[in-house]
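This report concerns only the one structure given below.
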Amino acid sequence: MSHLDELENNSIYIIREAYAKFRNIAMLWSIGKDSTTLLWLIRKSFLGRVPFPVVHIDTSYKFKEIYEFRDTYAAEWGLNLIILRNEKAIKAGLSSEKNKFNCCTELKTNALKTGLKKHDFQALYLAIRRDEHGIRAKERVFSPRDEDFEWDYKNQPPELWNQYKLVAREEEHLRIHPLLSWTERDVWEYVKREDIPVVSLYFARNGKRYRSIGCECCCNPVSSEADTVDKITEELKTSKVSERSGRAQDKESDYMMQKLRSLGYM
Amino acid sequence: MEEHKLRLVIVGHVDHGKSTFIGRLLYDTGSLEADKIEEIRKKSNQPGTEIEFAYFLDHLEEERVQGVTIDTTQVFFKTQKREYVIIDAPGHKEFVRNMITGASQADMGILIIDAAEGVAEQTRRHAYILSLLGLKRVMVMVNKMDKVDFKEAVFIQVKQAIDNFLSEIGIKPNFYVPISALNGDNLVHSSVKTPWYGGRPFVEILDGLDKDIDTREGYLIFPVQDIFRYADKRSILGRVERGVIRKGQSVKVAPGNQTAKIKAIERYPLEVDSAAAGQSLSLILEDSLFVERGNIICDVEHAPKVIDSFTASVFWLAGKEFSKKEQLIFRCSTQETGCKIEEIKRKINSSTLEIIEENAGALRELEVGQVAIKTKRPVAIESFSDSPELGRFVLVRGEHICAGGIITL
Chain A
6 MSHLDELENN SIYIIREAYA KFRNIAMLWS IGKDSTTLLW LIRKSFLGRV PFPVVHIDTS
66 YKFKEIYEFR DTYAAEWGLN LIILRNEKAI KAGLSSEKNK FNCCTELKTN ALKTGLKKHD
126 FQALYLAIRR DEHGIRAKER VFSPRDEDFE WDYKNQPPEL WNQYKLVARE EEHLRIHPLL
186 SWTERDVWEY VKREDIPVVS LYFARNGKRY RSIGCECCCN PVSSEADTVD KITEELKTSK
246 VSERSGRAQD KESDYMMQKL RSLGYM
Chain B
814 MEEHKLRLVI VGHVDHGKST FIGRLLYDTG SLEADKIEEI RKKSNQPGTE IEFAYFLDHL
874 EEERVQGVTI DTTQVFFKTQ KREYVIIDAP GHKEFVRNMI TGASQADMGI LIIDAAEGVA
934 EQTRRHAYIL SLLGLKRVMV MVNKMDKVDF KEAVFIQVKQ AIDNFLSEIG IKPNFYVPIS
994 ALNGDNLVHS SVKTPWYGGR PFVEILDGLD KDIDTREGYL IFPVQDIFRY ADKRSILGRV
1054 ERGVIRKGQS VKVAPGNQTA KIKAIERYPL EVDSAAAGQS LSLILEDSLF VERGNIICDV
1114 EHAPKVIDSF TASVFWLAGK EFSKKEQLIF RCSTQETGCK IEEIKRKINS STLEIIEENA
1174 GALRELEVGQ VAIKTKRPVA IESFSDSPEL GRFVLVRGEH ICAGGIITL
């Protein structure tokens, strides 16, 4: 079995464990390459179906290519798409200009909190990976969040032998991370192998491409000529720059990612 | 470049230099991105050290401020030969639960010992845990050799001390390397300071190792995770843990005695004739049996034992102690049922291996008990040495996993 096969089979195992125990579950889709890969794996887990809602947290500041891609594939794959927006904050004109921490918290974390309460989801699938950020590297595969969405990173449940936290208290919800052991390169190689559709922003245009995508205002492209999946995997073999180096919210202050995550961020 | 990644867990007593070892390794193999190095350089403010290598792993604010690793993490580095996954484990007694989480994912253990301090409590406990987890491949790094002037005598002394302990628990390390993680001696390059050491530097030894893949041959073990219904089909979802499954094969559905034939095997979007260990798939049986999560689909002739009483070694992880006859939940693969620990025949200190008590009444955190378990319903199990997949389990109390165990039968 190849390395990618191993990753794929293990992720499917995790996805199915979560669904077996938490029927009231949903997946967070940021429309990026990782969450689209997760969606692909979920379809493989359930014979081509996605038997639960797929949630998009829309800050209203996403690139137009993201909205187009979302609508195309939600239709093609027959997804039960739920779009969450913090309408109040968006109408009030909240943006990242003055304070990124606040903007992320309001438009992303709080939009999710409200949505979770409304739909009463017991668990959420997320496509985060350990190699994205040092804080995410500390995560568990089944990671509990309390009623305030807080992550008790000092007191995480043990995980061994594919045995996960399969029981949650009523006020808690669990974050399920099937892609935790995948690296950026693993994802791209899998995208290539499976021919998974991804947003065009990842491919170079005029000497620049986005390695990591989110809201238009806080994402900076990197210099690159890689305009195909093959060229991207080649580029990654020798890259000396980290994937999220263009993401402004990681940089705003020390431990910002930790603070964001302890309040319920992804 | 080799296809498979090798997963290493770095263990050892607190402050013996695990995080520095990893940070230095990443740095010396050029596995760190420039912007990350810059970020750490700015944050390190210890006089005399330009870069605080441990910062590459200890990302939590509390970890950096106190200089202590709290939880396990994983990072990647590569050489010309292959890619490696490094799992860092906290060395503090308080965080053994997190160390086990990390170690259970590894192919091999790297035990780090401070040359000046010598073999300490967690050095032994971590080694013992590795042996409980079935991780037999261990390499020993005698670190901080710079603090003992790179003296061969000290190296030999530490080596002897740990070797004695390791042989008691059935581990025979293949390599002992004298290193200084801080200065990089014998990590990637051979050190001029250890002319008496005839071996290779750490990374070279690693590259020379084989992945040692367990082919997982043997009789079929297919634990059922779920039943997925759509259209008029009932698909059985799961992953082959051992052996091979074939279309048309006659199988038994443990723990009962029902038998059936495999009608179809699907690995969406393909239908296949057979599948091997490690593959997640969906099955359709010819007969319409009632199958549910927790059933183990196995070979008709060679099914696992189905019993409700057996002996095991249990490592208690929870802070709150356990008292005999308390109701717990037993989980082995996808099987789940209530259970009681009828007897704690003896319990031992997981660091010194001393017998604390015979016929004990309770088990505390970090203690290992040799116990007699009685499950509410019979379960399909094997001894750990015969079949790890059905030979290891966890015990759950409420919503928490409280212990890990190995079945000895």
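If you read the protein sequences in the order shown, they are chains A and B.
For the first sequence, position 253 matches number 258 in the working numbering, and the numbering has no gaps at all.
For the second sequence, position 193 matches number 1006 in the working numbering, and the numbering has no gaps at all.
Glycine included, each C-beta is placed from N, C-alpha and C at the ideal position.
Assigned exposure category for residue i - 16 Cβ within 10 Å defines buried
i, result
"ASP200(A)", "exposed"
"GLN161(A)", "buried"
"LYS38(A)", "buried"
"GLN1140(B)", "exposed"
"PRO1008(B)", "exposed"
"GLN887(B)", "buried"
"ALA1044(B)", "exposed"
"PHE890(B)", "buried"
"ALA940(B)", "buried"
"GLY1211(B)", "exposed"
"GLN1148(B)", "buried"
"THR1028(B)", "exposed"
"VAL277(A)", "Examination of residue 277(A) is not possible in this model, given that chain A is present from 6 through 271 alone."
"ALA847(B)", "exposed"
"ARG266(A)", "buried"
"SER16(A)", "buried"
"LEU1083(B)", "exposed"
"SER100(A)", "buried"
Neighbourhood of residue i by C-beta, 6 Å cutoff - its chain only, sequence neighbours within 5 removed
i, result
"VAL1207(B)", "ARG1144, ILE1214, GLY1217"
"PHE866(B)", "THR833, GLY836, ARG837"
"TYR1032(B)", "GLY1056, ASP1112, HIS1115"
"ARG950(B)", "MET921"
"LEU171(A)", "LYS26"
"ARG216(A)", "VAL227, GLU248"
"GLU1180(B)", "TRP1129, LYS1160"
"GLY1204(B)", "GLU1195, SER1196, PHE1197, ILE1220"
Under 8 Å from the C-beta of residue i: neighbouring residues of chain B
i, result
"LYS69(A)", "The contacting residues do not exist; LYS69(A) stays about 29 Å from chain B at best."
"THR188(A)", "PHE889"
Residues of its chain near residue i, where Cβ-Cβ distance is below 8 Å and the 5 sequence neighbours each way are ignored
i, result
"ALA928(B)", "VAL955, ASN956, LYS957, MET958, LYS960, VAL961, VAL967, PHE968, VAL971, PRO991"
"GLY212(A)", "SER228, SER229, GLU230"
"ARG48(A)", "ARG54, VAL55, TRP82"
"ILE30(A)", "ALA23, TYR24, PHE57, PHE126, GLN127, ALA128, LEU129, TYR130, ILE181"
"SER1048(B)", "ILE1040, PHE1041, ARG1042, GLU1079, SER1095, LEU1096, ILE1097"
"TYR897(B)", "LYS818, LEU819, ARG820, LEU821, PHE889, PHE890, LYS891, LEU1019"
9 Å Cβ cut-off: residues of chain A touching residue i
i, result
"VAL1207(B)", "PRO163, LEU165, TRP166, GLN168"
"SER1136(B)", "The contacting residues do not exist; SER1136(B) stays about 20 Å from chain A at best."
"GLU805(B)", "Residue 805(B) falls outside the range modelled here, since chain B spans only 814 to 1222, and no answer is possible."
"TYR1032(B)", "By Cβ distance, chain A contributes nothing, its closest Cβ being about 19 Å from TYR1032(B), past 9 Å."
Neighbouring residues, chain B, relative to residue i (Cβ below 9 Å)
i, result
"HIS124(A)", "Here the premise fails: no neighbours, minimum Cβ distance about 22 Å."
"GLU230(A)", "Within 9 Å Cβ-Cβ: nothing; GLU230(A) doesn't reach chain B, min ~19 Å."
Contacts of residue i in chain A (Cβ-Cβ under 8 Å)
i, result
"ASP1039(B)", "ARG21, TYR24, ALA25"
"SER944(B)", "Those within 8 Å of SER944(B) in chain A number zero; the least Cβ separation is about 15 Å."
"LYS818(B)", "HIS8"
Chain-ordered chain A contacts of residue i [CB-CB under 7 Å]
i, result
"TYR1081(B)", "LYS49, LEU52, GLY53"
"TYR897(B)", "In chain order: nothing, as chain A lies at least about 12 Å away."
"GLY1217(B)", "LEU165"
"THR1221(B)", "Within chain A, no residue comes near THR1221(B); the closest Cβ sits about 16 Å away, beyond 7 Å."
"ILE913(B)", "PRO163, LEU165"
Beta-carbon proximity list for residue i, same chain, < 7 Å, skipping 5 on both sides
i, result
"LEU946(B)", "ALA916, SER917"
"TRP193(A)", "VAL234, ILE237, THR238, LEU241"
"CYS108(A)", "LEU99, SER100, SER101"
"ILE140(A)", "MET262, GLN263, ARG266"
Proximal chain B residues relative to residue i, where beta-carbon distance stays under 7 Å
i, result
"MET6(A)", "GLY1091"
"ALA128(A)", "Those do not exist, as ALA128(A) stays about 13 Å from chain B at its closest Cβ, beyond 7 Å."
"ILE181(A)", "What ILE181(A) touches in chain B: nothing, since even the nearest Cβ is about 14 Å away."
"ILE17(A)", "SER1093"
"ASP200(A)", "Here the premise fails: no neighbours, minimum Cβ distance about 12 Å."
Check: Is the region 1048-1066 of chain B touching the region 1090-1098 of chain B in the sense that three or more CB pairs, one from each, lie closer than 8 Å?
Finding: yes
Checklist line | Ordered list of beta strand (DSSP E) runs contained in the region 89-176 of chain A, each at least 3 residues | finding: 128-130, 147-150
Next item on the list: Can you check the region 12-52 of chain A for any alpha helix (DSSP H) of at least 4 residues that lies completely inside it and give the ranges in chain order?
Entry: 38-50
Margin query: For a minimum of 4 consecutive residues, which ranges assigned as the alpha helix (DSSP H) are wholly contained in the region 1053-1084 of chain B?
Written below: none
Margin query: Quick check: the region 912-925 of chain B against the region 1172-1181 of chain B, are at least 3 beta-carbon pairs closer than 8 Å?
Written below: no
Next item on the list: Please confirm if the region 181-188 of chain A is in contact with the region 138-155 of chain A, defined as three or more CB-CB distances below 8 Å between the two stretches.
Entry: yes
Margin query: Taking 8 Å as the cut-off, does the region 981-990 of chain B touch the region 1014-1021 of chain B (at least 3 CB pairs, one atom from each stretch)?
Written below: yes
Item checked: Contact between the region 1121-1128 of chain B and the region 1067-1079 of chain B (3+ Cβ pairs under 8 Å) -> Taking a cut-off of 8 Å on C-beta distances, the region 1121-1128 of chain B does not touch the region 1067-1079 of chain B, as fewer than three cross pairs fall below it.
Check: Going along the chain, which unbroken runs of the beta strand (DSSP E) with 3 or more residues stay wholly within the region 919-964 of chain B?
Finding: Counting whole runs of 3 or more residues, the region 919-964 of chain B contains the beta strand (DSSP E) stretches 921-927, 951-956.
Checklist line | Ranges of the beta strand (DSSP E) found wholly within the region 178-250 of chain A, counting only runs of at least 3 | finding: 178-181
Check: Would you say the region 130-141 of chain A touches the region 111-119 of chain A, given that touching needs at least three Cβ pairs under 8 Å?
Finding: no
Item checked: Any beta strand (DSSP E) of 3 or more consecutive residues that is wholly inside the region 1084-1117 of chain B -> 1087-1089, 1093-1098, 1109-1112
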